[in-house]
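Asker:
Numbering (this note's numbering), first residue to last: 152 to 321.
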């Protein structure tokens, strides 16, 4: 049984935001302070990623632990349990589908969980995000090995004039 009447519950649920949440704000502020430029909530991509770093080919989702089913087994509301289990399971399936679609499009996908941004582990998480971005960037643009062409018996054209001594005439 719910502790609030239907009107109060509706008001509470209406105040839950899907974008510009505090966890998103924390990650965006950190990335901006470190010099990363991004777009937020890009509607043209599957799942509308929270952060898109186009230059790096990276999308970042910042998920709330309850809504996206991260270690949520003990926290399902006692009222309407079947509804919540199905809802969270659908959310997890949708997240996985969006992640796969983005990977097929060539994006690297990272998920940051709300619990990873609690003050005790926030700094570690943000450093890991930055490391992952840099590592992905280096992987994306890693130097290709040089190929040496072996041209036997071919005379190579001279591309410069012979040695000339410049300066005062002797």
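All C-beta atoms in this analysis are idealised placements derived from N, C-alpha and C, irrespective of residue type, glycine included. Predicted, not measured: the structure shown is a model, and the values here were computed from it.
Let me check one thing: in DSSP terms, what residues is residue 262 bridge-paired to?
Answerer: In the chain shown, counting from the first residue as 1, residue 262 sits at position 111. In DSSP, residue 262 forms a bridge with 212.
Asker: Do residue 234 and residue 226 count as a contact pair if the criterion is CB distance below 8 Å?
Answerer: For the purposes of this step, residue 226 is identified with residue 75 of the chain shown, where counting begins at 1. For the purposes of this step, residue 234 is identified with residue 83 of the chain shown, where counting begins at 1. Result no, Cβ atoms of residue 226 and residue 234 do not sit closer than 8 Å.
Asker: Report yes or no: do three or more beta-carbon pairs, one from the stretch 234–245 and one from the stretch 257–269, lie closer than 8 Å?
Answerer: no
Asker: Does the Cβ of residue 289 have 16 or more other Cβ atoms within 10 Å, making it buried, or fewer, making it exposed?
Answerer: In the chain shown, the residue the question calls residue 289 occupies position 138. Burial call: exposed.
Asker: Assuming the contact rule is C-beta atoms closer than 8 Å, residue 178 and residue 263 should be a hit. Round their C-beta distance to whole Å, please.
Answerer: Stepping through the chain shown from its first residue, residue 178 is reached at position 27. Stepping through the chain shown from its first residue, residue 263 is reached at position 112. The distance from the Cβ of residue 178 to that of residue 263 is about 6 Å, consistent with a contact at the 8 Å cut-off.
Asker: Between residue 172 and residue 244, what straight-line distance do the alpha-carbon atoms span, to the nearest angstrom?
Answerer: Start at 1 with the first residue of the chain shown, and residue 172 comes out as number 21. Start at 1 with the first residue of the chain shown, and residue 244 comes out as number 93. If you take the alpha carbons of residue 172 and residue 244, they lie about 22 Å apart.
Asker: Check each candidate in 318, 207 and 230 and name the one with the smallest Cα separation from residue 292.
Answerer: Taking the chain shown and counting its residues from 1, the one referred to as residue 292 is at position 141. With distances taken between Cα atoms, residue 292 lies closest to 207.
Asker: Please find out if some non-hydrogen atom of the ligand PLP comes closer than 7 Å to the beta-carbon of residue 190.
Answerer: By its list of ligands, the structure shown contains no ligand whatsoever, and the ligand PLP lies outside what it can speak to.
Asker: Per DSSP, what are the beta-bridge partners of residue 191 in this structure?
Answerer: As a position in the chain shown, residue 191 is number 40, starting the count at 1. Bridge partners of residue 191: 202.
Asker: Less than 8 Å between the beta carbons of residue 201 and residue 222, yes or no?
Answerer: Numbered from its first residue, the chain shown carries residue 201 at position 50. Numbered from its first residue, the chain shown carries residue 222 at position 71. No, the Cβ-Cβ distance between residue 201 and residue 222 is not below 8 Å.
Asker: Could you give the distance in angstroms between the alpha-carbon of residue 257 and the alpha-carbon of residue 198?
Answerer: Sequence index remark: in the chain shown, residue 257 carries index 106 (1-based). Sequence index remark: in the chain shown, residue 198 carries index 47 (1-based). The alpha-carbon atoms of residue 257 and residue 198 are separated by roughly 15 Å.
Asker: Between the Cα of residue 205 and those of 260, 318, 170 and 159, spot the shortest distance and give me the residue it belongs to.
Answerer: If you number the chain shown from 1, residue 205 lands on position 54. Ranking 260, 318, 170 and 159 by Cα distance to residue 205 puts 260 first.
Asker: Along the chain, where does the alpha helix (DSSP H) that runs through residue 279 open and close?
Answerer: By one-based count along the chain shown, residue 279 stands at place 128. First-last of the alpha helix (DSSP H) with residue 279: 273–291.
Asker: Would you mind sorting residue 282 into buried or exposed? The rule is 16 or more other CB atoms within 10 Å of its CB.
Answerer: As a working mapping, residue 282 is identified with position 131 in the chain shown. The residue in question, residue 282, is exposed, as its Cβ has fewer than 16 Cβ neighbours within 10 Å.
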